[in-house]
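Counted the way mature numbering (1 follows the signal peptide of the UniProt record, and there is no 0) counts, the sequence shown spans residues -21 to -1, 1 to 322.
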Amino acid sequence: MNNLWKMFFLVSSLFALSGCASSEPEKPSFDSSLYEGRPIDTLTSDAAPLSEMEAIQRGDIALSNNNIDLALYEYIRALSFPDAQHQDKTLYTIGRIHQSRDNTVYAEKAFLASVEYNPNNVQVLEQLGSIYMKQGSVQQGKSYFYRALNADQVRLKNPNTLSDTVELVEIRQLQVDKDSPALAYMGLGIVADIEAQHEYAKVFYHKAIEVKPNSVKALLNLGYSYYMSGNYTSAKRYTMSALEKDPNNEKAQNNLALIYLGKGEIKRAINVFMRHMDAAEALNNVGYFLILQGKPDKAVPYLQQAIDKKPSYYPVANENLERALAEVRAITPDAAETSNALQ
C-alpha cells in the first residue's frame, strides 16, 4: 500500500510540474535568418521584451544611439510575438538597415517577407523595385515599381490605377503627395529613357518632381530626357534648375555642356567643361561628344588642340582623333588626304 501511495504521489507531482511549465509564457523565437551582426549574446543583458511594441521601442532607441546590431536584434524579436500587428513595417525597417550595410541578400529577404504581410506596402514595393533594377532585372524591377505606384493610389483613395498596358493618360491621372514613391517614378522614367520612350520618361519625372520639388536627380533626369528628345530649350531650363540647387554638381555641368553642343554653341560647352577640368580634357570631351553627335569633322580640330595642349595627356585624345578621322573618311573618301595632312 505504501508503494502504491508513493507511485501516486510521484505521478501527481510530475503532472503538477508539467502544468506549471505549460502555464509559463513562451519566450518569443528569434529568426536568425534575418540577422547579421555581432553574436546576439553579446548585445544586451536586459530581460526579453514582453510585447511587440516594447521590442520595437527598444529597437528605435538602439537605432537612435547608432547601436545598429542591437536595433536589428530587437526589431527581429518584435516579429515573433503571436499578437504582432506591425510586421510589414518592422520588416521594412530591418530591410533598410541591411541596405545601409550594402547587404542586399538580407534586405531582399526582409522586404519579400514584408510583402507577405502587406502586399500594398508602398515603401517596401519601391525598395524591391530598386533592388532588382540595380541587379539588372529590369522587368522584375519595373513590376515592383508599378505595384508601388498602384498601391500608392490605394493609399490616396484614387480609383485611377495603371493597367497592364500602361498608357500615358493613366500615368497623368495618378495622384501624388509628399509620401508618394518618388524613387519608383524616377526609376520608371530612367527605364523609359533607355527604351527611347522619352514621352513616358518625362511624365514619370514630372511626377517625381511633384513629390520632391527639390530633387536634383529628378530635375537632371528630366533635363536629360528633353536633351535626348532634341528639345534643348526645356533641357537647359531643367538642367539650370538643378544647378541652382547644386552649383557644383559635375553631372549637371556635363549635361549643360552637352546641351550647348547640341545647340551648336561649342565655345559655351568648352567653358562649362572647364569649370571642373583642365583645358585639354575639356577639348577632348568636346571632340568626343561631337563624334557621338555624328559630327566627326567638327570634332577633329578640338581633339588636335587637346593633344597640342598636353601631348602626354591622352592616349584617349589620340584614339578619339583616329576615330573621328576614320568616320570622316567613311563619309567622304576625299577627306583621306586632309586626314593624312593633320596626322
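We treat Cβ as the ideally placed atom computed from N, Cα and C, and that holds for glycine.
Check	Outcome
Ordered list of alpha helix (DSSP H) runs contained in the stretch 117 to 147, each at least 4 residues	117 to 134
Contacting residues, own chain, Cβ-Cβ under 7 Å from Leu198 (five flanking each side not counted)	Ile188, Tyr217, Ser220, Ala221
Assigned secondary structure, Ser208 (DSSP; H/G/I helix, E/B strand, else coil)	helix
Residue of Asn250, Ala259, His177, Val195 minimising C-alpha distance to Lys230	Val195
Inter-residue Cα distance where the pair is Lys215 and Arg56	52 Å
Among Arg308, Asp276, Pro98, Ser208, the one whose alpha carbon lies nearest that of Glu174	Ser208
Test item: CB-CB of Ser93 and Asp62 under 8 Å	no
Close Cβ partners of Pro4 (< 7 Å) along its chain, the five nearest in sequence each way excluded	At Pro4 the pLDDT is 47, less than 50, meaning the model places this residue with poor confidence; the figure from the coordinates comes in the next sentence. Excluding positions up to five away in sequence, the list is empty.
Selection from Tyr96, Gln284, Ala285, Ile270 that minimises the alpha carbon distance to Ala305	Ile270
Limits of the alpha helix (DSSP H) - the one that Gln36 falls within	31 to 43
Which of helix, strand or coil DSSP assigns to Val265	helix
Backbone CA spacing between Glu223 and Gly108 [nearest angstrom]	30 Å
Ser8 classed as buried or exposed, judged by whether at least 16 other C-beta atoms fall within 10 angstroms	exposed
Neighbour-count burial assignment, Glu146, 16 or more Cβ in a 10 Å radius	exposed
Residue burial classification, Asp131 (beta-carbon count within 10 angstroms, cutoff 16)	buried
Contacting residues, own chain, Cβ-Cβ under 6 Å from Gln106 (five flanking each side not counted)	Phe90
Nearest candidate by alpha-carbon position, reference Asn100, set His65, Ile19, Tyr52	His65
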